[in-house]
Amino acid sequence: MDDKTNQTIQRFKQIREENHHTQSDFARVLNIKNSTADIERGKTKISGKVVARLLQVFGINPLWLFGESEQKIIQLHNGDVFPKVVTVDSQNNENIVLVNVKAAAGYPHNVQDVDWYQQLPAFDIPLPEYRNATYRGFQVEGDSMLPVLEPKEWVIGKAVTTINEFTSNSIYVIVLHDSVVVKKIRKHDDVSLMTLVSLNTEYIPYTIKKDQVVELWEVNSKLSFNINANSDTVNIKQLQDAMVALTSEVRSLSLIDKA
């Protein structure tokens with residue numbers, strides 16, 4: 081193996097390690113079967129499709145990969161975060177595709193895979209609020225958005241066209257290269273960055289690069305299945321008890337005044 085080839089392999093491995101991927105995980109990101117082990121051993125050459133995927137997902141300069149440039153990253157992101165694939169029903173109306181927690185794990189790697197989307201459940205809401213725009217449903221994972229969003233609830237998001245359209249008053253589903261998160265977004269002093277904020281104060285805000293965002297969905301509604309039928313009764317009972325206690329206190333004060 082010559083020095084040039086060895087350098088390319090080392091840089092390929094460096095990309096994987098910097099992004100904290102195992103060989104199997106990295107293979108899924110790059111649409112390679114099984115593992116990247118053979119590439120890292122020098123048994124398999126890096127194909128043009130893999131080079132294109134490295135450029136698309138990580139912004140890796142092909143010339144850097146092959147030792148022809150010291151510029152590692154190429155800025156390809158133009159701020160477009162609108163979904164590249166939509167599905168339609170038999171009447172040619174857009175469906176609302178549902179992405180559950182399990183599907184969300186593979187969602188970033190399949191954002192342009194039409195066949196993958198067709199495996200997901202989809203439905204239509206015949207209300208005017210869901211017309212003339214693209215919507216998608218995502219299941220909430222974890223408790224970082226309590227008390228507004230419970231774990232396993234579903235949110236419906238409206239597709240955002242460009243990355244700078246976000247506001248600090250809304251909740252968003254943010255599709256990154258390797259994950260899907262539900263957060264509020266705060267502007268950063270550096271215009272190339274944005275800060276993701278949880279509603280649950282136990283989770284600290286963190287900052288990401290805007291070019292890490294693949295898709296952005298503004299949450300405008302949610303589907304909840306954890307309705308407690310007894311909650312109103314409990315609240316009324318508590319209110320009644322409080323009123324009785326307050327009445328007793330008032331009567332006691334009246335007796336003291338008369339004395």
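Last residue of the sequence shown: 339 in our numbering, with the numbers rising by one and none dropped. The C-beta atom is built at its ideal place from N, Cα and C for all residues, glycine as well.
- What residue range is occupied by the uninterrupted alpha helix (DSSP H) comprising Leu143? Pro142 to Leu145
- Measure how close the beta-carbons of Gly217 and Leu178 come, nearest whole angstrom, since I'm counting them as under 8 Å. 4 Å
- Message: Taking its Cβ as the centre, do 16 or more other Cβ atoms sit within 10 Å of Ile251, making it buried, or is it exposed?
- Response: A residue is called buried once 16 or more other Cβ atoms fall within 10 Å of its Cβ, and Ile251 is buried on that count.
- Task: For His78, count neighbouring Cβ atoms within 10 angstroms of its own Cβ and tell me buried if that reaches 16, exposed if not.
- Result: The structure shown does not extend to residue 78, since the chain is modelled only from 81 through 339, so no value can be given for it.
- Do Ile254 and Val228 come within 7 Å of each other at the CB atom, strictly closer than that value? Result no, Cβ atoms of Val228 and Ile254 do not sit closer than 7 Å.
- State buried or exposed for Gly237, treating a residue as buried only when at least 16 other CB atoms are found within 10 Å of its CB. By the C-beta density criterion, Gly237 is buried, having at least 16 other C-beta atoms within 10 angstroms.
- Query: Rounded to a whole number of angstroms, what is the C-alpha to C-alpha distance between Ile205 and Trp196?
  - Reply: 22 Å
- Anyone know if the C-beta pair for Ile243 and Val161 falls short of 7 Å? yes
- Cβ atoms of Lys263 and Leu276: under 7 Å apart, would you say? yes
- Message: For Ala239 and Glu150, what's the separation of their Cα atoms in angstroms?
- Response: 37 Å
- Helix, strand or coil at Glu245 [DSSP, three-state]: DSSP places Glu245 within a helical segment (H, G or I) once states are collapsed to three.
- Can you tell me whether DSSP reads Ser104 as helix, strand or coil? In the three-state reduction of the DSSP assignment, Ser104 falls in the helix class.
- Item | Pick from Pro201, Trp144 and Lys164 that is closest to Asn180, judged by C-alpha positions | If we check each option's Cα against that of Asn180, Pro201 comes out closest.
- Would you identify the three-state DSSP class for Gly128, choosing helix, strand or coil? If DSSP states are grouped into helix, strand and coil, Gly128 belongs with the helices.
- Could you tell me if Ile112 is buried or exposed, where buried requires 16 or more neighbouring beta carbons within 10 angstroms of its beta carbon? buried
- Segment limits, beta strand (DSSP E) that includes Ala239: Trp234 to Ala239
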